[in-house]
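Numbering (my numbering), first residue to last: 1 to 139.
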Amino acid sequence: MSRSTNEQALRNLLAAGRFQQLLGIELVSTDTETQEIVMRLPFKIDFERLPNTGQIHGGVTSALIDVAGDFALIMLFDRPVPTINLRIDFLSMAANTDLIATARVVRAGRSIGVVDIVVTGQAGKQIAIGRANYSTLDR
1 MSRSTNEQAL
11 RNLLAAGRFQ
21 QLLGIELVST
31 DTETQEIVMR
41 LPFKIDFERL
51 PNTGQIHGGV
61 TSALIDVAGD
71 FALIMLFDRP
81 VPTINLRIDF
91 LSMAANTDLI
101 ATARVVRAGR
111 SIGVVDIVVT
121 GQAGKQIAIG
131 RANYSTLDR
């Protein structure tokens, strides 16, 4: 593994991505020792799956999971890593809440990285859990 990317560099990379800008994803914290990263997605009415419900569409939650998992490995490898596979289990409906994603690296191998991601609402209720695989090959 290469040197760890510092938090400001991760913030800059996150801010540079148009998709992340569109969603409004924010970096909350990084920890290279525990290989964990926390991101926040502020609630927007545009995320509603049905009008006037406040219920957040699962695609928004899925996108947050993928970005958080990716950035957990970027923190370790100093470069973006493409997604190979993404599995998500939705546990409860998110409504009128910011989403908090905590991504923990399970494996940071030479060719494959595995990250577990837990998404909660602001009150701490689990919304979804995900596991993502990324290609860590240096191309």
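Using N, Cα and C, we set each Cβ at its ideal position, and we do this for glycine too.
DSSP places L23 within a helical segment (H, G or I) once states are collapsed to three. In this structure, DSSP gives A94 a state outside helix and strand, which the three-state scheme calls coil. A distance below 8 Å separates the beta carbons of T136 and A108. Taking 8 Å as the upper bound for CB-CB distance, I37 and A9 are not in contact here, some 13 Å apart.
In the DSSP secondary-structure assignment, Q8 is not bridged to any residue.
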